[in-house]
Amino acid sequence: MKQYLSPLALNLKPSGIRRFFDLAATVEGVISLGVGEPDFTTPWVMTESAIFSLEQGQTMYTSNAGLIELRRELSKYMAKHQALNYSPDNEILITVGASEAVDLAMRAILVPGDGILIPDPSYVAYAGCASMSGADIHYVPLRAEHDFRLKVEDLQLAYTPNCKILVLSFPNNPTGAIMTRDDLLPIARFASENDLIIISDEIYSDLTYAGQHTPFATLPFMHNRTIHVSGFSKAYAMTGWRIGYAAGHPDIIQAMTRIHQYTIMCAPIMAQVAALEGLKSGDSAKKEMILEYDRRRRLMVHGFREIGLTCFEPLGAFYVFPEITATRLRSDEFAEQLLKEEKVAVVPGTAFGPGGEGHIRCSYAYSTQQLLEALSRIKRFVKKII
Amino acid sequence: MLTEEDRRLLHVLSQDCRLTPEELSIQTGLTPDYINKKIKQWESDKVIVRYSTLINYDQLEEDRVTALIDLKVMPQRGQGYDKIAQRFQKFPEIKSVYLMSGDFDLCLIVEGKNMHDIAQFVSDKLSPLDLIETTSTRFILRRYKQDGVEFHGEEERPQRLVITP
Chain A
1 MKQYLSPLAL
11 NLKPSGIRRF
21 FDLAATVEGV
31 ISLGVGEPDF
41 TTPWVMTESA
51 IFSLEQGQTM
61 YTSNAGLIEL
71 RRELSKYMAK
81 HQALNYSPDN
91 EILITVGASE
101 AVDLAMRAIL
111 VPGDGILIPD
121 PSYVAYAGCA
131 SMSGADIHYV
141 PLRAEHDFRL
151 KVEDLQLAYT
161 PNCKILVLSF
171 PNNPTGAIMT
181 RDDLLPIARF
191 ASENDLIIIS
201 DEIYSDLTYA
211 GQHTPFATLP
221 FMHNRTIHVS
231 GFSKAYAMTG
241 WRIGYAAGHP
251 DIIQAMTRIH
261 QYTIMCAPIM
271 AQVAALEGLK
281 SGDSAKKEMI
291 LEYDRRRRLM
301 VHGFREIGLT
311 CFEPLGAFYV
321 FPEITATRLR
331 SDEFAEQLLK
341 EEKVAVVPGT
351 AFGPGGEGHI
361 RCSYAYSTQQ
371 LLEALSRIKR
381 FVKKII
Chain B
387 MLTEEDRRLL
397 HVLSQDCRLT
407 PEELSIQTGL
417 TPDYINKKIK
427 QWESDKVIVR
437 YSTLINYDQL
447 EEDRVTALID
457 LKVMPQRGQG
467 YDKIAQRFQK
477 FPEIKSVYLM
487 SGDFDLCLIV
497 EGKNMHDIAQ
507 FVSDKLSPLD
517 LIETTSTRFI
527 LRRYKQDGVE
537 FHGEEERPQR
547 LVITP
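Same order as they appear, the protein sequences are chains A and B.
Take the first sequence: its letter number 286 is residue 286 in the numbering used here, and every next letter is one higher.
For the numbering used here, count along the second sequence from 1 and bump the result up by 386.
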């Protein structure tokens, strides 16, 4: 039946994660460091509010842009905590996860043949969504020697005049890198000079372990140029609820809302109710989770360095991205052999783009006991090789 | 006011007090020297009162019953409830003593081998005290959560996928 498929769908590559998922699923008793979601469950206060709303019969559609109460609270929250000012009336759209917001943003801006600059390595959905828009993808390397921060020199090399969008995703999945205000300023100047729209995926912004996260839209002249994307999945442990949002210039948000209204209609109401409760009263639960991630982050970095692998200190998200070149194995070989020999699942860096070669992504969204056991198995595996 | 560093240290200690200063240093990013000094200070200031283990006795085949005993007492002139509360503190069977708002004045948590043990303790030791007006004893039948730890239900928690993006 392939002859019926559109070339776009036909050529859409399966995520690099997929192959590993299938492989890991065949191994019994595996300890996985491969999960991109919190090990905590959603704070009960949020779950309970969703259950109550269902009991009250709140089972209908919401407005396309999302519950106005949620948009108002989000607007207040962003203003108070991130110095971001968006009107709840026409500058905020509630989406089904941040991934939908990324997809909508690309569809609203790109036409086939437009260029898009995507950091490499980065979250798997950016390239996938860009290719569905028929865009011409330009990868911009995030280099280990720069602590995986985006450098304007690399942007200049990757840029061509057809580029319309630059994707930013800091704190970064898979590297855990963050970018400070000073790191971001040259990128902002480059965006202005080259008239780029920025899709800034800041889903991990609450999980920043040093200093304050800088939202890209707060940089000079970036407010109108930036589509600020975030969501509740990571900081509020709500991955399965699928609730995210986009904020930006009303023209762009209205265009994204039009696409959203025909494809999705609205994000699930119970998830919106839970998110609203999270903004009002989920702060202490969120802080507890952040403290615990921070502790595990230090444990993992120390663990990998003790094994003898180079591991840069990630200051965001919940991943470490150690370098495995000392083993002379490619990322996928390392991950596959580690899985077979020691039953530890990690994700090869190349699943996030060719720039991930020489690294593996290890999530620390696991209990300390699991992390220590995984580290000891990885140590045994590495010591056999080097 | 706690500093961010101290909050980090207390968080890790509250999760696992068996960690050595070196292990604590790895998990908090603070130096072992600082950690040693801080812990000593907290111990002498009675901020850290005890290093204990949370045990789920329901998992052991051991007779152990816990009761919450609410008491109405007569406050004493010049001393309020302190004097009588201090007297209760001395009984090893009484694990906790709280001054409460509401219908009763004090709440005791009492442990014994069985209900009979506790009933005996109430009738022999508590009820005869002049200052006690009324008691109400309630036994704990099942412990679902204690000190922030869930004892039941975790095993039924759905599993995450092995690998996700």
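Just so it is clear, CB atoms sit at the ideal spot from N, CA and C, and this is done for glycine as well.
For residue i, does the three-state DSSP call read helix, strand or coil?
i, result
"B:R394", "helix"
"B:T414", "helix"
"A:C129", "helix"
"B:D402", "coil"
"B:V483", "strand"
"B:F490", "coil"
"B:I518", "strand"
"A:P119", "strand"
"A:Q212", "coil"
"B:K476", "coil"
"A:Q370", "helix"
"B:E448", "coil"
"A:S99", "helix"
"B:H502", "helix"
"A:K287", "helix"
"B:T523", "strand"
"A:T218", "helix"
Closer than 8 Å by beta-carbon distance: list the chain B residues that pair up with residue i, in chain order.
i, result
"A:Y364", "The contacting residues do not exist; A:Y364 stays about 11 Å from chain B at best."
"A:Y236", "None at all; the shortest Cβ gap to chain B is about 16 Å."
"A:G66", "By Cβ distance, chain B contributes nothing, its closest Cβ being about 24 Å from A:G66, past 8 Å."
"A:G34", "V548, I549, T550"
Between the C-alpha atoms of residue i and residue j, what's the straight-line distance to the nearest angstrom?
i, j, result
"A:Y245", "A:K379", "40 Å"
"B:P514", "B:C403", "41 Å"
"A:V27", "A:G356", "24 Å"
"B:L547", "A:F21", "8 Å"
"B:Q532", "B:M501", "21 Å"
"A:G128", "A:I324", "27 Å"
"A:L291", "B:L395", "10 Å"
"B:R463", "B:I518", "15 Å"
"B:V508", "A:A83", "60 Å"
"A:S389", "B:L388", "Absent from the structure is residue 389 of chain A, since the part of chain A shown begins at 1 and ends at 386."
"A:E37", "A:E333", "24 Å"
"B:A505", "B:D449", "15 Å"
"A:L142", "A:Y86", "30 Å"
"A:M132", "A:Q156", "25 Å"
Enumerate in chain order the residues of its own chain whose CB-to-CB distance from residue i is below 8 Å, with the five nearest sequence positions on each side excluded.
i, result
"B:D491", "L457, K458, V459, P461, Y467, L485"
"B:D392", "K424"
"B:D444", "R528, R529, F537"
"A:A108", "I252, A255, M256, I259"
"A:S63", "C266"
"A:L10", "K2"
Enumerate in chain order the residues of its own chain whose CB-to-CB distance from residue i is below 7 Å, with the five nearest sequence positions on each side excluded.
i, result
"A:F381", "L338, E341, E342"
"A:N162", "G113, D114, G115, D136"
Might you give, ordered along the chain, the residues of its own chain that have their beta carbon closer than 6 Å to the beta carbon of residue i, omitting 5 neighbours on each side?
i, result
"A:T175", "F148, F321"
"A:E73", "L276, L279"
"A:R71", "P88, I92"
"B:K511", "none"
"A:F170", "I178, M179"
Can you tell me whether residue i sits near the ligand SAM, meaning its C-beta is under 7 Å from at least one heavy atom of the ligand?
i, result
"A:L5", "This structure lacks the ligand SAM, and indeed carries no ligand of any kind."
Counting only Cβ pairs nearer than 7 Å, list the residues of chain B close to residue i.
i, result
"A:A24", "V548, I549"
"A:S15", "P551"
"A:V347", "I549"
"A:E37", "R546, T550"
So residue i and residue j are in contact, right, with Cβ under 8 Å, and what is the actual spacing, rounded?
i, j, result
"A:L33", "A:C311", "The pair is not a contact, with the Cβ atoms about 13 Å apart (cut-off 8 Å)."
"A:L315", "A:Y77", "Not confirmed; about 23 Å, so no contact."
"B:T520", "B:A453", "Rounded, the Cβ-Cβ distance is 15 Å, inconsistent with contact."
"B:V433", "B:T414", "Incorrect: roughly 16 Å between the Cβ atoms, too far for contact."
"A:I203", "A:E100", "Not a contact, Cβ separation roughly 12 Å."
"A:L196", "A:I165", "7 Å"
"A:L371", "B:I412", "Not quite, the Cβ-Cβ distance comes to about 12 Å (not below 8 Å), so this is no contact."
"A:V140", "A:I118", "7 Å"
Strictly below 8 Å CB to CB, what residues from chain D border residue i?
i, result
"B:I412", "Here chain D cannot be found, since the structure's protein chains are A and B."
Residue i versus chain A: which residues are under 9 Å apart at the beta carbon?
i, result
"B:H397", "E288, L291, E292, D294, R295"
"B:R394", "L291, D294, R295"
"B:G464", "Those do not exist, as B:G464 stays about 40 Å from chain A at its closest Cβ, beyond 9 Å."
"B:G488", "Within 9 Å Cβ-Cβ: nothing; B:G488 doesn't reach chain A, min ~24 Å."
Residue i versus chain A: which residues are under 7 Å apart at the beta carbon?
i, result
"B:G498", "None at all; the shortest Cβ gap to chain A is about 33 Å."
"B:G539", "What B:G539 touches in chain A: nothing, since even the nearest Cβ is about 11 Å away."
If the cut is a Cβ gap below 9 Å, which residues of chain B does residue i touch?
i, result
"A:S284", "The contacting residues do not exist; A:S284 stays about 12 Å from chain B at best."
"A:Y123", "P551"
"A:F21", "L547, V548, I549, T550"
"A:V30", "V548"
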